[in-house]
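This report refers to the structure that appears directly beneath it.
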Amino acid sequence: MAMAALRVANGFLFFHLAFWLRTEKAGTAWFALALAVGSVSTLAANSVAGFVRRLMREHVVLEVSLVVVALVGLASAYIGSITAGIVLTGVIYAVGALGKLAFDSVLQSRAPDANRSRAFARYETRNQLAQVAGGFVAVGLTPSGPVGFAMIGAIGLVAAVYYAVRY
Numbered sequence: 474m475a476m477a478a479l480r481v482a483n484g485f486l487f488f489h490l491a492f493w494l495r496t497e498k499a500g501t502a503w504f505a506l507a508l509a510v511g512s513v514s515t516l517a518a519n520s521v522a523g524f525v526r527r528l529m530r531e532h533v534v535l536e537v538s539l540v541v542v543a544l545v546g547l548a549s550a551y552i553g554s555i556t557a558g559i560v561l562t563g564v565i566y567a568v569g570a571l572g573k574l575a576f577d578s579v580l581q582s583r584a585p586d587a588n589r590s591r592a593f594a595r596y597e598t599r600n601q602l603a604q605v606a607g608g609f610v611a612v613g614l615t616p617s618g619p620v621g622f623a624m625i626g627a628i629g630l631v632a633a634v635y636y637a638v639r640y
């Protein structure tokens, strides 16, 4: 659930920014900058993942990732600027990378050896479909920048509460 929510937020944000920024001045350049920030933040998150893992358990990493998505999404909605959207992109990509590593670790430790490959394939397929669903919602609704950021914050908030209650 947690990883699927992070992937929904990622897919939604990608297409939300693409459609929102196309109407802004220098929108293509802003979108390219957002993708660059997302790529660099993914690299940085993967680089510090071992350190983060020593600080907290995998379930805590997933919960913190969802809370960060909620807080930064709602803060970006309040600010409502292109820069806030670019910062949100960096955060979404970073916590998505950390969340994926944490999720894979949980799955690897809990899946029986005989079913591990099948479990990885099933969950990765589900997570990719969640990312596509997030993109479809963004394309179908095409909300304004701040409204889309608020939707991402809501995704993070609902998923964080659900995950906290469940685990």
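The numbering of the sequence shown is the numbering used here, which starts it at 474 and goes up by one.
Ideal Cβ placement from N, Cα and C applies to all residues, glycine included.
Predicted, not measured: the structure shown is a model, and the values here were computed from it.
Item: Mind checking which residues open and close the alpha helix (DSSP H) that includes Y640?; Value: Here Y640 belongs to no alpha helix (DSSP H), and DSSP marks it neither H nor E.
Item: Out of curiosity, what's the CA-to-CA distance linking G546 and L508?; Value: 17 Å
Item: Among the residues of its own chain, which have a CB less than 7 Å from the CB of Y636, if the five just before and after it don't count?; Value: M474, A475, L535, E536 and L539
Item: Following the continuous alpha helix (DSSP H) through N483, name the residue where it begins and the one where it ends.; Value: A475 to L494
Item: Alpha carbon to alpha carbon, how far is T501 from A517? Give it in angstroms, no decimals.; Value: 24 Å
Item: Which residues in the same chain have their Cβ closer than 6 Å to the Cβ of V579, if we skip the five residues on either side of it in sequence?; Value: E531
Item: Determine the DSSP secondary structure at P616, reduced to helix, strand or coil.; Value: coil
Item: What are the boundary residues of the alpha helix (DSSP H) that includes R704?; Value: Because the chain spans 474 through 640 in this model, residue 704 falls outside it and cannot be assessed.
Item: Classify M624 as helix, strand or coil using the three-state DSSP reduction.; Value: helix
Item: Do the CB positions of F487 and G626 come within less than 9 Å of each other?; Value: no
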